[in-house]
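Read the structure below first, then the notes.
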Amino acid sequence: MRYFIEFSYNGKNYFGYQIQPNDISVQEELERALSTILQEKIKTTGAGRTDTGVHAKKMFAHFETNQVLNNQLTHKLNSFLPTDIAVKRIFEVKDDFHARFDATFRTYEYYISLEKNPFTHDSAWQHWRKPLDINKMNEACKILFEYEDFTSFAKLHTDNKTNLCKMYKAEWEQNGTELKFTVSANRFLRNMVRAIVGTMVEVGSGKIQPEDVRKVIEDKNRNSAGTSAPAHALFLVNVGYEF
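Under full-length UniProt numbering, the residue at position 8 of the sequence shown is numbered 8, and the numbers go up by one with no gaps.
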């Protein structure tokens, strides 16, 4: 039987979600806990991968077992897992339902603090030395919807078969001294959100103009886009499915 697991994690202490040869990952911790409790080797397949230091408020993965699982497994898992990983629910799905390939969208949020704030130091980019023009940043965001090839925002030398993505939402909001960027698409390339944020900050700080984002995208060159924004302020907040 195939089961889905919904969980969240603080990525500060992990080298991303996906298992790494010599570094600790969220997937490794999750599989270790599941295997211990179920007393069999459990392998999980995640909805995607998050980079080192990136967090997830809502993440999904699937795994298979011949055991019939009950509602107590969620409680047991949370007892075994470290404090920075939390399981919300586990539920059975069809045998061919896939955590990665059946996801219809992913949504991320990125946070920027416009003032020095010791309480968001680990969860927001502290960008208080230079003001940002949120109106220009949102103007630049509208340009993203004109394109589907986001090679300029993709990490170099990956095994991507295609760099095409369908953008559903890209918007900046300001709440007091905090900026929140919400971006949603059918899929994201490695490092894509952080590269977009870095480029939008260049727009907001006046280094480039909103219309320059067109050339950045059309260049299809990672060197044309801005520097990647820090990972610790990025959160995966939702993954969509048609269960």
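Cβ atoms here follow ideal geometry from the backbone N, Cα and C, with glycine treated the same way.
Residue from the options whose Cα sits closest to the Cα of residue i
| i | options | result |
| --- | --- | --- |
| P230 | V54, F7 and E6 | V54 |
| R222 | L156, R214 and P210 | L156 |
| R129 | D95, T44 and S205 | S205 |
| D84 | R194, Y3 and K12 | K12 |
| M200 | S79, L34 and A140 | A140 |
| M137 | S113, E92, V213 and F119 | V213 |
| F63 | D51, A56, E40 and T50 | E40 |
| E92 | E6, R187 and R100 | E6 |
| S123 | E115, A33 and L234 | L234 |
| E171 | Y147, F153, N163 and N135 | N135 |
| L81 | S8, A225 and T227 | S8 |
| E242 | H127, K142, F101 and Q174 | F101 |
| residue 244 | H121, F4 and L179 | The question about residue 244 has no answer, for the chain in this structure spans 1 to 243. |
| V203 | P131, G176, S35 and K161 | P131 |
| L164 | F145, G176 and V237 | F145 |
| A47 | S228, T36 and V26 | V26 |
| D51 | V183, S79 and Q20 | Q20 |
| K142 | E211, N70 and S35 | E211 |
| F150 | D219, H232, T45 and A86 | D219 |
| A33 | Y14, N10 and N78 | N78 |
| L179 | E148, Y168 and D133 | D133 |
Extent of the continuous beta strand (DSSP E) to which residue i belongs
| i | result |
| --- | --- |
| I85 | I85 to V93 |
| S113 | F105 to S113 |
Cβ-heavy atom distance, residue i to the ligand GTP, below 7 Å
| i | result |
| --- | --- |
| V93 | As for the ligand GTP, it is missing from this structure, which has no ligand bound. |
Residues that DSSP places opposite residue i in a beta bridge
| i | result |
| --- | --- |
| S8 | A86 |
| E64 | R2 |
| T45 | H62 |
| H127 | BP columns for H127 are empty, so no partner. |
| H55 | F235 |
Extent of the continuous alpha helix (DSSP H) to which residue i belongs
| i | result |
| --- | --- |
| residue 265 | This structure cannot settle anything about residue 265, because the visible part of the chain is limited to 1 through 243. |
| I24 | From DSSP, I24 is part of no alpha helix (DSSP H); its letter is neither H nor E. |
| F80 | Q72 to F80 |
What ranges does the alpha helix (DSSP H) occupy inside the UniProt domain "Pseudouridine synthase I TruA alpha/beta" (148-242), keeping only unbroken runs of at least 4 residues that lie completely in it? 192-204 and 212-219
Could you tell me whether the segment 105-113 touches the segment 185-193, where touching means 3 or more Cβ pairs closer than 8 Å? yes
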